[in-house]
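Asker: First residue of the sequence shown: 13, per the working numbering; consecutive thereafter.
For glycine and all other residues, C-beta sits at the position ideal for the given N, C-alpha and C.
Model, not experiment: these values are computed from the prediction.
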Amino acid sequence: MELTFGDLYEGMTRCTLAEVNRLAPTAGTILDLGAGSGRMVIPLASSGHRVVAVEHSGPMLEALRMRLSSLSPRHAERVDVRQASMSELEPVGIVDVVLCVFTVISYCLTEAELGRTFTVAAAALDNAGAFLLDVPDKDVFSSMDVESGDLIREVSMTEEAPGLFAYHEHTVLRTDEGPVEYRDSFHLRHWSVEDVTRILRKAGFTSIENVSERFPGLGAHYLVARTGEVSLTER
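(1) Check the C-beta distance from Val132 over to Met98 and give it rounded, since I have them as a contact under 8 Å.
(2) Counting C-beta neighbours from all protein chains within 10 Å, is the total for Leu12 16 or more, i.e. buried, or is it exposed?
(3) If I'm right that Leu303 touches Val32 with Cβ under 8 Å, what's the distance once you round it to whole angstroms?
(4) Which whole-angstrom value describes the C-beta separation of Val107 and Val64, a residue pair presumed to lie in contact below a C-beta threshold of 8 Å?
(5) What's the gap between the Cα of Thr239 and the Cα of Glu123?
(6) Taking just the CA atoms, how far does Ala178 sit from Ser154?
(7) Examine the Cβ distances between the segment 30-48 and the segment 107-119 and report whether three or more of them are shorter than 8 Å.
(8) Answer yes or no: do Glu181 and Asp196 have a C-beta to C-beta separation smaller than 9 Å?
(9) Between which two residues does the beta strand (DSSP E) containing Thr183 stretch?
(10) Excluding five sequence neighbours on each side, which residues of the same chain lie with their C-beta closer than 8 Å to the C-beta of Thr209?
(11) For the beta strand (DSSP E) that His233 lies in, which residues bound it at each end?
(12) At which residues does the beta strand (DSSP E) containing Glu172 begin and terminate?
(13) Verify whether the separation of the beta carbon atoms of Phe130 and Gly46 is less than 9 Å.
(14) Mark Val116 as exposed unless 16 or more other C-beta atoms lie within 10 angstroms of its C-beta, in which case mark it buried.
(15) To which residues of the same chain is Ala57 closer than 6 Å at the C-beta, ignoring the five residues directly before and after it?
(16) To the nearest angstrom, how far is the alpha carbon of Arg77 from that of Asp162?
(17) Report the option in Ser160, Gly190 and His202 whose CA atom is closest to the CA atom of Glu172.
(18) Which same chain residues, not among the five before or five after Ile164, have their C-beta less than 6 Å away from its C-beta?
In structure tokens form, the structure reads like this:
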């Protein structure tokens, strides 16, 4: 992903970390839904937050644990790794911020699944907590070919039904030990901001703030949702 998106990838991480630190200015507890290999887990733990990292994919968790092993013990011990579907996560207690970023909601293919994920997020927050999520623009669901340095990456995206995309990838990485080949196929769904807002409200979120101006040029709308009665401007 770093080879494909370069500065954009770093910008996503930097802006997300800044927003989390705005929402939880003192070191807090962060629930990262769809944590992957630790794009947000590592910098969050390194900056003093405790993180509950939730990921369904075993290989992603192996990569995350490998990255955690390179951290200092005092940073690594701040991370609680859990293998689970984010829509079926058992209660984790109350946290300060829930994250669901970097196109993660697109892996929820039905409204029921997305609603369960939002309910999990709501259950982990008290009136002071915040849920930060991104809603990718439809332009993100486009085919692309990338060849740069040691990377050859071919991604095709086909809309099989309104909003439902078939994703196919073939990637080759050139390494000192020889080429490494990767193939994958799965489905993704494009959600509109209107649908996401409606499903958030159904899950119990009463205040929804559009904070996209703090994430310029990143191909998504960013929302901060809360379950408590707070004074926020809806945009």
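Answerer: Taking the structure as given:
(1) 6 Å
(2) This structure leaves residue 12 out entirely; the chain is present only between 13 and 247.
(3) Outside the displayed span of the chain (13 to 247) sits residue 303, for which this structure offers no information.
(4) 7 Å
(5) 20 Å
(6) 11 Å
(7) Segment contact: the segment 30-48 against the segment 107-119, three or more CB-CB distances shorter than 8 Å; contact assigned.
(8) yes
(9) Where Thr183 is concerned, the enclosing beta strand (DSSP E) stretches over Leu176 to Thr187.
(10) Ile220 and Leu235
(11) Ala232 to Arg238
(12) That run of the beta strand (DSSP E) goes Leu163 to Ala173.
(13) no
(14) buried
(15) Val63, His87, Arg90 and Val91
(16) The straight-line gap from Cα to Cα measures roughly 25 Å.
(17) His202
(18) Val184
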